[in-house]
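Undergrad: Residue numbers (our numbering): -18 to 421.
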Ligand code: SAH
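(1) Three or more beta-carbon pairs under 8 Å between the segment 38 to 51 and the segment 73 to 85, yes or no?
(2) With distances taken Cα to Cα, identify the nearest neighbour of residue 114 among 154, 293 and 332.
(3) Going by DSSP in three states, residue 12 sits in which element: helix, strand or coil?
(4) For the 8 Å Cβ check, are there 3 or more pairs between the segment 162 to 179 and the segment 118 to 130?
(5) For the beta strand (DSSP E) that contains residue 117, what are its first and last residues?
(6) Take residue -3 and list the residues in its own chain whose beta-carbon comes closer than 7 Å to its own, dropping the five residues that flank it on each side.
(7) Less than 8 Å between the CB atoms is what I'm expecting for residue 256 and residue 241, so what's the real figure, rounded?
(8) Between the Cα of residue 196 and those of 147, 372 and 100, spot the shortest distance and give me the residue it belongs to.
(9) Is it true that the segment 270 to 290 meets the segment 349 to 367, where meeting means three or more beta-carbon pairs spaced less than 8 Å apart?
(10) For the beta strand (DSSP E) holding residue 301, just list the boundary residues, first then last.
(11) Taking the C-alpha atoms as reference points, what is the distance between residue 335 and residue 56?
(12) Between which two residues does the alpha helix (DSSP H) containing residue 139 stretch?
(13) What number of angstroms, rounded off, separates the C-alpha of residue 230 from the C-alpha of residue 31?
(14) Out of 365, 298 and 357, point me to the one whose CA is closest to residue 341's CA.
(15) For residue 265 and chain B, any beta-carbon pair shorter than 7 Å?
(16) Mapping the DSSP letters down to three states, classify residue 401 as helix, strand or coil.
(17) Assign residue 42 to buried or exposed, taking buried as 16 or more other Cβ atoms, counted over all protein chains shown, within 10 Å of its Cβ.
(18) Between residue 320 and residue 299, which are expected to be in contact by the criterion C-beta below 8 Å, what is the C-beta distance as a whole number of angstroms?
(19) Quick check on DSSP: helix, strand or coil for residue -10?
(20) Consult DSSP for residue 68 and reduce its assignment to one of helix, strand or coil.
(21) Would you mind stating whether residue 251 and residue 312 have Cβ atoms separated by less than 7 Å?
(22) Around the Cβ of residue 243, are there at least 16 other Cβ atoms within 10 angstroms (buried) or fewer (exposed)?
(23) What three-state label does DSSP hand residue 263 in the structure shown?
(24) Quick one: which unbroken alpha helix (DSSP H) runs of 4-plus residues sit fully inside the segment 137 to 225? Chain order, please.
(25) Could you check what DSSP says for residue 84 in three-state terms: helix, strand or coil?
(26) I want to know whether the segment 406 to 414 touches the segment 88 to 100 - three or more CB-CB distances under 8 Å.
(27) Within 8 Å, do at least three Cβ pairs link the segment 173 to 183 to the segment 196 to 214?
(28) Since residue 96 is in the alpha helix (DSSP H), which residue starts that stretch and which ends it?
(29) I want to know whether the segment 369 to 382 touches the segment 219 to 226 - three or more CB-CB distances under 8 Å.
(30) What do you reckon, is the C-beta of residue 59 under 6 Å from a heavy atom of ligand 1?
(31) Taking only three categories from DSSP, how would you classify residue 232?
(32) Let me check one thing: in DSSP terms, what residues is residue 17 bridge-paired to?
Okay, here's the thing in structure tokens:
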């Protein structure tokens, strides 16, 4: 057992503290800058004792914080979390462009709890309690039951409990991955905080759900807020939660949310931002920076269900919206229709293929808004932006690490004008970041 004592003076990119011992570097979870710690470095996971506590340390308001792994920063005061995220982005932009000073303080939430509009809970069998529901312990398939999750919507967690209760009464078992027996794998609840519409998705291992109409009757009787119930069938043994086959058991099979005054359809599978409060902050901040005019033609790349482009549509002449997922593009077109928006064209394509063609055709673009997945964009996309040369590029990223790499080429012809981190996922290690660039 080797014990190492030292002070935490920096964080890694996941906000673990870094402890140095000669040439060795240890990434220590759940510690805070300036704390003196003793770490048993042979233990797996590392065993940590705090010798000198930071005044930024708080008792995490969650019973399973140290087992779950969903949140990483619940032991730190919220304002300090925002400072850490700001500093992380500042360091990235200082190292790459010397533009650290441009980074604004990360915009946080006034009430950073119960913000998730979606929960996802795994079900398992238990000898005494019959069924348990919870989260997988980080990097394992062990189910950690929970009664209340600090970041999830309270009613959604309550609905999961009611579902469990009904399933126990109906003698329905959870799916056992090893024995490949049983029925219920996961339950997911998606809600709109604005319209209050609520969808329950019950993921089963086979399509045969005995007593499903009784289940629907019992659930809707006990929870009046539920507007739709979907059965999703996932018979595969992959880590993906949802399968391809689906049955609408109750209601219309999707819910409608509202963001920035526009309506959006949320279905079981569509990508949709999980923190609606901060999504409005994110979109509004990005669109104000874009400074759009009613003569502008803009591109919304990596558009998901069309949110940003549809919200921007009333400020501009025309929007092109490109997204690779077929179902998301279909949802985006549906969203245009329900909002009576006619100046957005939707393309179901790889964003790079699409923009290469735009550049070859020498189309005129006034602004490009891009919001790629964590892996970032690619060289073909960026090279085409440099050919199209729109006045402004707004790059929204859920992973500033790949964002700074993508920006490298753009800064040949663009100047970084504005950098704004937004806390979309309080208490987790994720940071969202908006960068606004203008043609030099
Ligand atoms: N702008 C949207 C979605 C952002 S998430 C919003 O704010 O809700 C990123 C989106 O990029 C996802 O919908 C994903 O399906 C899509 N995507 C991933 N790779 C892509 C590619 N190569 N071309 C186009 N879209 C892609």
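All C-beta atoms in this analysis are idealised placements derived from N, C-alpha and C, irrespective of residue type, glycine included.
TA: On the basis of the coordinates in this document:
(1) The segment 38 to 51, when compared against the segment 73 to 85, does not touch it at the 8 Å Cβ threshold.
(2) The residue given as residue 114 occupies position 133 in the chain shown. Residue 154 is the option with its Cα nearest to residue 114.
(3) Translated into positions along the chain shown, residue 12 becomes position 31. DSSP places residue 12 in coil when its eight states are reduced to three.
(4) no
(5) Taking the chain shown and counting its residues from 1, one reaches residue 117 at position 136. Counting along the chain, the beta strand (DSSP E) containing residue 117 begins and ends at 111 to 117.
(6) Within the chain shown, residue -3 is the residue found at index 16, counting from 1. Once the five neighbours on either side are set aside, the close Cβ partners of residue -3 are 8, 9 and 10.
(7) Along the chain shown, read from residue 1 onward, the residue named residue 256 stands at position 275. Along the chain shown, read from residue 1 onward, the residue named residue 241 stands at position 260. At roughly 14 Å, the Cβ-Cβ gap does not stay under 8 Å, so residue 256 and residue 241 are not in contact.
(8) Your numbering for residue 196 matches position 215 in the chain shown. Looking at the Cα atoms, 147 is the closest of the given residues.
(9) yes
(10) Stepping through the chain shown from its first residue, residue 301 is reached at position 320. That run of the beta strand (DSSP E) goes 299 to 304.
(11) Numbered from 1 along the chain shown, position 354 holds the residue referred to as residue 335. Numbered from 1 along the chain shown, position 75 holds the residue referred to as residue 56. Computed Cα separation, rounded: 44 Å.
(12) Mapped onto the chain shown, residue 139 falls at position 158. The continuous alpha helix (DSSP H) containing residue 139 extends over residues 135 to 150.
(13) Here residue 230 refers to the residue found at position 249 of the chain shown. Here residue 31 refers to the residue found at position 50 of the chain shown. Cα-Cα distance, rounded: 51 Å.
(14) In the chain shown, the residue the question calls residue 341 occupies position 360. Across the set 365, 298 and 357, the C-alpha of 365 shows the shortest separation from the C-alpha of residue 341.
(15) Protein chain content of the structure displayed is limited to a single chain, and chain B is not contained in it.
(16) Stepping through the chain shown from its first residue, residue 401 is reached at position 420. Note: residue 401 maps to strand in three-state DSSP.
(17) Numbered from its first residue, the chain shown carries residue 42 at position 61. By the 10 Å Cβ count, residue 42 comes out exposed.
(18) What you label residue 320 is simply residue 339 of the chain shown in a count that begins at 1. What you label residue 299 is simply residue 318 of the chain shown in a count that begins at 1. That pair is no contact at about 16 Å.
(19) Residue -10 sits at position 9 when you count from the first residue of the chain shown. The answer is coil: DSSP assigns residue -10 none of H, G, I, E or B.
(20) By 1-based counting over the chain shown, the position of residue 68 is 87. Helix.
(21) Along the chain shown, one-based indexing puts residue 251 at 270. Along the chain shown, one-based indexing puts residue 312 at 331. Yes; because the gap between Cβ atoms is below 7 Å, this pair is in contact.
(22) Reading the chain shown from its first residue, position 262 is the one you call residue 243. Burial call: buried.
(23) Working through the chain shown from its first residue, we reach residue 263 at position 282. Of the three classes helix, strand and coil, the one that applies to residue 263 here is helix, per DSSP.
(24) Complete alpha helix (DSSP H) runs here, min 4: 193 to 203.
(25) As a working mapping, residue 84 is identified with position 103 in the chain shown. The answer is strand: DSSP assigns residue 84 an E or B state.
(26) yes
(27) With the rule of 3 Cβ pairs closer than 8 Å, the segment 196 to 214 counts as touching the segment 173 to 183.
(28) On the chain shown, position 115 is the one that residue 96 refers to. Careful: residue 96 lies outside any alpha helix (DSSP H) and carries neither H nor E.
(29) no
(30) The count along the chain shown starts at 1 and reaches residue 59 at position 78. In terms of side-chain proximity, the C-beta atom of residue 59 is found no nearer than 6 Å to any non-hydrogen atom of ligand 1.
(31) Position 251 of the chain shown, counted from the first residue, corresponds to residue 232. Coil, per DSSP.
(32) The residue you call residue 17 lines up with position 36 of the chain shown. Per DSSP, -12 and 33.
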